[in-house]
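Encoded as structure tokens, the structure appears first; notes follow it.
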Amino acid sequence: ALIDKYGKGKTCLYVGFLDLHKAFDSVDRELLKDAMLNIGLPHSFVRLIVSMYTCVSGIIQVGNRFSKLFDIKRGVKQGSTLSPKLFNIFINDVVNFIENRWAPKVSLGTQKLSLLLFADDIALVANKPQDLQTLLNLIEEYLHIKKLRLNTEKSEVVIFLKKKKVGDDEKYTFKFNNKELFISKRIKYLDFILSENGSLRSHVDEIIKK
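The sequence shown stops at residue 212 when you use this note's numbering, and every number in between is there.
This is how it looks when you write it as structure tokens:
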């Protein structure tokens, strides 16, 4: 809907697609506990989750060789159906963090948005390049507080506009922690291939190939 409104019109939509570095493995458990209490989960449930992650240890196997037992002090369990929910709780406050410091500018119906969030997939949305850079700066501050890191090599910016001139993308530079983010012409987001002109043709072609 956002791409239909902005990308297919005369107004650009600047979107930063962010990839968190080892998101589930990096969850700080004390901060997770605080996050669960902050949203009002019962103390009994919080204690249960805390006990699940108390004295957790692991072993690394390489072929027939095993490492010594070591403590795992960070993260939520990979493969657990509960882990995505715990991660959602962990970063549940990101919208408030951003919008307490920045008034959303992108309209969708009666709502104004600054980001889209699905588990560890974060997309920042802006209708001006300087606004997207402001959002990137705020996310940098937020991730520092949460002790999370961004994978700048896999994070990209797409500028959605129906018609572009050659070299348009070269006018812009977007940075995170002083590292320049790649400006892409298309991206795969939540299993959809999105093109800069708002067309789903690339996505349809990919499905046909399968």
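Beta carbons are placed, not taken as given, at the ideal position from N, Cα and C, and that holds for glycine. What you are looking at is a predicted structure, and each value in this text was computed from that prediction instead of being measured.
Using C-beta distances below 7 Å, list every residue in its chain close to residue i, excluding the 5 sequence neighbours before and after it, in chain order.
{"i": "residue 145", "result": "151 and 152"}
{"i": "residue 86", "result": "121"}
{"i": "residue 78", "result": "26, 29, 85, 88 and 89"}
{"i": "residue 193", "result": "none"}
{"i": "residue 1", "result": "An answer regarding residue 1 cannot be provided, because it is not within the stretch 3 to 212 covered by the chain."}
Looking at the structure shown, is residue i part of a helix, part of a strand, or coil, going by DSSP?
{"i": "residue 59", "result": "strand"}
{"i": "residue 37", "result": "helix"}
{"i": "residue 72", "result": "strand"}
{"i": "residue 114", "result": "strand"}
{"i": "residue 183", "result": "coil"}
{"i": "residue 161", "result": "strand"}
{"i": "residue 82", "result": "coil"}
{"i": "residue 29", "result": "coil"}
{"i": "residue 152", "result": "strand"}
{"i": "residue 67", "result": "strand"}
{"i": "residue 176", "result": "coil"}
{"i": "residue 103", "result": "coil"}
{"i": "residue 94", "result": "coil"}
{"i": "residue 50", "result": "helix"}
{"i": "residue 134", "result": "helix"}
{"i": "residue 145", "result": "helix"}
{"i": "residue 43", "result": "coil"}
Taking C-beta to C-beta, are residue i and residue j nearer than 8 Å?
{"i": "residue 59", "j": "residue 149", "result": "no"}
{"i": "residue 161", "j": "residue 195", "result": "no"}
{"i": "residue 41", "j": "residue 98", "result": "no"}
{"i": "residue 176", "j": "residue 135", "result": "yes"}
{"i": "residue 91", "j": "residue 38", "result": "yes"}
{"i": "residue 21", "j": "residue 190", "result": "no"}
{"i": "residue 183", "j": "residue 142", "result": "no"}
Which residues does DSSP pair with residue i in a beta bridge?
{"i": "residue 190", "result": "195"}
{"i": "residue 123", "result": "21 and 120"}
{"i": "residue 128", "result": "16"}
{"i": "residue 108", "result": "115"}
Quick one: what's got a C-beta closer than 6 Å to residue i's C-beta in the same chain, skipping five residues either side?
{"i": "residue 125", "result": "17, 19 and 118"}
{"i": "residue 127", "result": "17, 108 and 115"}
{"i": "residue 154", "result": "178 and 181"}
To which residues of the same chain is residue i closer than 8 Å at the C-beta, ignoring the five residues directly before and after it?
{"i": "residue 35", "result": "48, 51 and 52"}
{"i": "residue 30", "result": "76, 148 and 149"}
{"i": "residue 74", "result": "58, 59 and 60"}
{"i": "residue 103", "result": "140"}
{"i": "residue 71", "result": "59, 60 and 61"}
{"i": "residue 129", "result": "8, 13, 14, 15, 16, 107 and 108"}
{"i": "residue 63", "result": "69"}
{"i": "residue 80", "result": "26 and 27"}
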